[in-house]
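Scroll down for the structure; my scribbles are underneath it.
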Amino acid sequence: MGVASETIAPAKFISCISHVIMMITLFWTYEQNLKTGLPSGYSSDEELRAKASIFACVVLSLCMEIFEIFVLFMGYSLLFDNMNLVQIIFHLFGTVITSWFILDDWDYTGIWAIWFFTIFFPFMLEVMTVSSTKAYYNS
């Protein structure tokens, strides 16, 4: 294993864990984001839909991140340095943007754009890597 692989695997783990921590932090501090995104005279239905939206985003994020960490421990994607580097960049960017989202009290609907680019995209890269690795070794 080269120097890049020895550095990238721990960096990927740290970036994934930091993103998980930010999503858990979002779950515990989402109230101000709801107040920012809801109209001034919002109903309880609107509040429930907003809470469900943030909760769904956090749950999906945690599931996808746990899958990525599991695959990292299984070693399917360890040798794909370029793909891992892209994932590290997206997760670190996601950690920074999510913390900015929490600290500046952005509208709660903005979390879905953050989720798509910093959680879903790296997750799909991981799924494609695992499926191509399995297809290669099964043929």
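Take this note's numbering: the last position of the sequence shown gets the number 139, and nothing is skipped along the way.
All C-beta atoms in this analysis are idealised placements derived from N, C-alpha and C, irrespective of residue type, glycine included.
Buried or exposed, going by whether 16 or more other CB atoms sit within 10 Å of the CB of residue i?
i, result
"Glu31", "exposed"
"Glu47", "exposed"
"Ser44", "exposed"
"Pro122", "buried"
"Phe90", "buried"
"Asn138", "exposed"
In angstroms with no decimal places, state the Cα-to-Cα distance between residue i and residue j.
i, j, result
"Thr118", "Cys57", "12 Å"
"Ile142", "Val20", "This structure gives no information on residue 142, because the portion of the chain shown stretches from 1 to 139."
"Phe101", "Ile111", "8 Å"
"Gly37", "Trp28", "17 Å"
"Thr98", "Tyr136", "36 Å"
"Ala11", "Leu34", "33 Å"
I want to see whether chain D comes within less than 8 Å of residue i, judged by CB atoms only; does it?
i, result
"Leu60", "The chain labelled as chain D is not found in the depicted structure, where only one protein chain is given."
*Runs of alpha helix (DSSP H) wholly within the segment 10 to 60 (minimum 4 residues, chain order)*: 31 to 37
*Do the segment 32 to 42 and the segment 60 to 71 make contact, defined as three or more Cβ pairs closer than 8 Å?*
no
*Would you check if there are 3 or more beta carbon pairs closer than 8 Å linking the segment 125 to 137 to the segment 75 to 84?*
yes
_Contained alpha helix (DSSP H) runs [length at least 4] in the segment 55 to 126, N- to C-terminal order_ = 81 to 103 and 111 to 115
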